[in-house]
Amino acid sequence: MLIMTVILSGTLAAVACWYLGLSGMRIYRYCRHVFQERMRDQMQQFFLFLDPGTLWGATLLLSAACTLLVHLLLQFWLLSSGTLAACLLLPRFLLSRWRRRRLERFDAQLPDFLLALGGALRAGAGVQAALRQLVADMPAPLGQEFALLLREQRMGVGFETALDSLNRRTGTEGAALMVSALQVAGSSGGNLAGTLEGIAQTLRDRQHMAGRIRALTAQGRLQAWIMACLPVGLILVLSWLQPQAMQPLWDTTQGWVVVGLILALETAGIVMVRRIVDIDI
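In the UniProt record's numbering, the protein residues as written are 1 to 281.
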């Protein structure tokens with residue numbers, strides 16, 4: 001009877017391990033598929049052609065290495081878990097930052113492009129002919145976006161549809177104004193050159209004002225990050241220098257409550273300061 005119980009228990013344990021392993025593989029494959037599809041779509045929008053599979057492998061390797069390093073140095077599972085989550089979210093953060101900087105460069109190039117387009121129209125060129133002439137000399141990212149617009153037209157896409165596609169890819173206010181002006185001029189006519197030059201001057205004035213505001217609020221943004229990093233850095237330094245004194249902070253319920261309260265207050269402070277210095281133009 002005892003032998004049968006042991007055999008049955010072993011069989012159930014083996015089945016449970018097999019089922020957990022199979023479920024883990026399915027979850028892993030699903031996460032890999034979702035990650036690769038999202039990264040592929042986002043990178044194609046930025047004209048960034050990298051292998052999502054390689055990016056997935058590099059993310060896992062970096063996450064494992066950083067998590068193991070933090071665990072070996074600090075011996076605290078909460079910080080190790082946070083490091084793992086941060087490393088897994090790192091590609092998404094980097095792509096979001098890449099997109100923001102790309103759109104900033106697009107907006108910075110747009111006024112000069114609109115002035116050049118308006119000059120070409122005053123010289124007697126058509127809109128599409130002027131676009132083909134200007135795009136060849138425009139750097140990325142504006143040159144890439146309008147080159148894609150021209151390729152879509154060669155594939156049979158209508159001009160207004162291609163403009164809508166460009167507006168969806170960029171999503172900036174300057175692109176929306178330009179697209180609206182080109183579509184209205186294409187359907188009802190008017191002084192398109194003057195309209196584009198007016199939009200260019202408006203965008204240039206807004207960019208100048210935005211630059212001044214960023215310069216004036218730079219100190220406040222820097223102070224917010226410094227004040228947020230100081231307590232965290234102090235806790236890490238004390239945990240390394242005096243681990244016994246800081247042990248209750250990591251090993252007791254009261255310590256976890258204090259850590260959670262610190263993180264909540266730090267997050268609230270950063271959000272409040274960023275909202276204060278984030279001035280809409």
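Backbone N, C-alpha and C fix where the C-beta goes; we use that ideal spot for every residue, glycine too.
| message | Tell me whether the segment 161-168 and the segment 71-80 touch, counting them as touching only if at least three CB pairs, one residue from each stretch, are closer than 8 Å. | response | no
| task | Can you have a look at residue 87 and say buried or exposed, based on whether 16 or more other CB atoms are within 10 angstroms of its CB? | result | Mapped onto the sequence shown, residue 87 falls at position 87. By the 10 Å Cβ count, residue 87 comes out buried.
| request: Report the rounded CA-to-CA distance for residue 102 versus residue 94, giving the unit in angstroms. | output: Indexing the sequence shown from 1 puts residue 102 at position 102. Indexing the sequence shown from 1 puts residue 94 at position 94. Rounded to the nearest angstrom, the two C-alpha atoms are 12 Å apart.
| request: Identify, in the order they occur along the chain, each residue of the same chain with its Cβ nearer than 6 Å to the Cβ of residue 277, setting aside the five sequence neighbours on each side. | output: For the purposes of this step, residue 277 is taken as the residue at position 277 of the sequence shown. Within the same chain, residue 277 has close Cβ partners 217, 220, 221.
| query | Residue ranges of each alpha helix (DSSP H) run of no fewer than 4 residues wholly in the segment 11-97, ordered along the chain? | reply | 52-74
| said: Are the CB atoms of residue 132 and residue 150 within a distance shorter than 8 Å? | reply: As a first step, residue 150 must be located in the sequence shown, where it is residue number 150. As a first step, residue 132 must be located in the sequence shown, where it is residue number 132. Yes, they are a contact pair.
| Out of 236, 194, 203, which has the shortest C-alpha to C-alpha gap to residue 123? | In the sequence shown, the residue the question calls residue 123 occupies position 123. Checking every option, the nearest Cα to that of residue 123 belongs to 194.
| For the segment 169-184 against the segment 107-116, are there 3 or more C-beta pairs whose distance is under 8 Å? | yes
| query | If you follow the alpha helix (DSSP H) that residue 226 is part of, which residue opens it and which one closes it? | reply | Taking the sequence shown and counting its residues from 1, the one referred to as residue 226 is at position 226. Taken as a continuous stretch (DSSP letters only), the alpha helix (DSSP H) holding residue 226 covers 192-241.
| Going by C-alpha distance, which of 138, 139, 136, 120 is nearest residue 130? | Against the sequence shown, residue 130 aligns to sequence position 130. The option with the nearest alpha carbon to residue 130 is 120.
| field | Which of helix, strand or coil DSSP assigns to residue 262 | value | Taking the sequence shown and counting its residues from 1, the one referred to as residue 262 is at position 262. Three-state DSSP puts residue 262 in a helix.
| field | Among 25, 227, 198, 104, the one whose alpha carbon lies nearest that of residue 267 | value | Translated into the one-based positions of the sequence shown, residue 267 becomes position 267. That would be 227, whose Cα lies nearest to the Cα of residue 267.
| Quick one: Cα of residue 207 to Cα of residue 115, how far? | Here residue 207 refers to the residue found at position 207 when the sequence shown is read from its first residue. Here residue 115 refers to the residue found at position 115 when the sequence shown is read from its first residue. Looking at the two C-alpha atoms, the distance is approximately 15 Å.
| What is the C-beta distance between residue 258 and residue 249, in whole angstroms, given that I count them as a contact (C-beta under 8 Å)? | As a first step, residue 258 must be located in the sequence shown, where it is residue number 258. As a first step, residue 249 must be located in the sequence shown, where it is residue number 249. Yes, they are in contact, since the Cβ atoms of residue 258 and residue 249 sit about 6 Å apart, within 8 Å.
| Boundaries (first-last residue) of the alpha helix (DSSP H) holding residue 174 | What you label residue 174 is simply residue 174 of the sequence shown in a count that begins at 1. Where residue 174 is concerned, the enclosing alpha helix (DSSP H) stretches over 173-188.
| Beta-carbon proximity of residue 224 to residue 157, cut-off 8 Å | Position 224 of the sequence shown, counted from the first residue, corresponds to residue 224. Position 157 of the sequence shown, counted from the first residue, corresponds to residue 157. It is not a contact, given that the beta carbons lie outside the stated cut-off.
| Are the beta-carbon atoms belonging to residue 106 and residue 134 less than 8 Å from one another? | Here residue 106 refers to the residue found at position 106 when the sequence shown is read from its first residue. Here residue 134 refers to the residue found at position 134 when the sequence shown is read from its first residue. Cβ distance not < 8 Å, so residue 106 and residue 134 don't count as in contact.
| message | Am I right that residue 179 and residue 163 are in contact with their C-beta atoms under 8 Å? What's the rounded C-beta distance? | response | On the sequence shown, residue 179 is found 179 positions in, with the first residue counted as 1. On the sequence shown, residue 163 is found 163 positions in, with the first residue counted as 1. That pair is a contact at about 5 Å.
| query | With a CB to CB cut of under 8 Å and the five nearest residues on each side skipped, what residues in its chain are close to residue 49? | reply | Working through the sequence shown from its first residue, we reach residue 49 at position 49. Once the five neighbours on either side are set aside, the close Cβ partners of residue 49 are 43.
| To the nearest whole angstrom, what separates the beta carbons of residue 63 and residue 78, a pair I think is in contact under 8 Å? | In the sequence shown, counting from the first residue as 1, residue 63 sits at position 63. In the sequence shown, counting from the first residue as 1, residue 78 sits at position 78. Not confirmed; about 16 Å, so no contact.
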